[in-house]
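The next block holds one structure in the form of structure tokens; read it before the comments.
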Amino acid sequence: MPRLTDARKELRRTQIAEAAVRCFSRNGLERTSIADITAESGLSVGSIYAHYRNKAELVRAAAREMLSRRAGTIGEYAAADVPPGPDELLSRLTAAIDPAEARVGVQTWSEATTDPAVRDIIVDATDRMRTMLHDCVTAWLVKVEHHEPDRARELAAPIAHRVMALYQAELLYTALRTTDEETAS
């Protein structure tokens, strides 16, 4: 059998992680088995284990992937010629929340309270996201509100903190909505 290229391996890992997120969203982290992920991905058990040692590693990969996507979006906002203000930034972030990912995100926060590896991922990603929000708000304060850069950085810290807190609250709210509520909105 031919060996997979690095690019192909990464695509396969992403395919497996996305299948895991769908399963985690439907069944919860604890009730999802490798068999569920195998069925969802359409791959063999051997293929799953060739890319991930166990379910815990898949949980960590799924968390890292979801948080990385969100961080990338915020980075794009900060780099814009006219960065969005705090209200618009929050509005864009909340509009982009995927309900399935929100459910898995909240479950992952819970897992972070008992799994040091997941906690490290969550703390790192949250810190990076808060830093990017700070950078975005700073850019808005400088480019749109015309503050001096040092003053803008100072003013941005509490604003970014509030945007992050409101975004996390919206993630929780979205995660707690039932499927019926999702389809009704």
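Using my numbering, the letters of the sequence shown correspond one by one to residues 1 to 185.
The beta-carbon is built from N, C-alpha and C at its ideal position, and this holds for glycine as well.
Check                                                                                                        : Outcome
For R151 and R22, the rounded distance between their alpha carbons                                           : 44 Å
Helix, strand or coil at A152 [DSSP, three-state]                                                            : helix
Pairwise C-alpha distance: V142 and M66                                                                      : 30 Å
4 or more residues per run - each alpha helix (DSSP H) lying fully within the segment 45–81                  : 45–51 and 55–79
Nearest to A125 (by Cα), restricted to the options G46, R69 and R8                                           : R69
Sufficient close CB pairs (3 or more, under 8 Å) joining the segment 92–109 to the segment 70–79             : yes
Sequence-distant residues of the same chain with beta carbon closer than 7 Å to M164, five excluded per side : M129, R130 and L133
Sufficient close CB pairs (3 or more, under 8 Å) joining the segment 46–59 to the segment 28–38              : yes
Assigned secondary structure, D115 (DSSP; H/G/I helix, E/B strand, else coil)                                : coil
CB contact flag (Y49, I16, <8 Å)                                                                             : no
Residue burial classification, G105 (beta-carbon count within 10 angstroms, cutoff 16)                       : buried
Extent of the continuous alpha helix (DSSP H) to which A96 belongs                                           : From DSSP, A96 is part of no alpha helix (DSSP H); its letter is neither H nor E.
Rounded separation between T192 and H161 - CA only                                                           : With the chain covering 1 to 185 only, the question about residue 192 has no answer from this structure.
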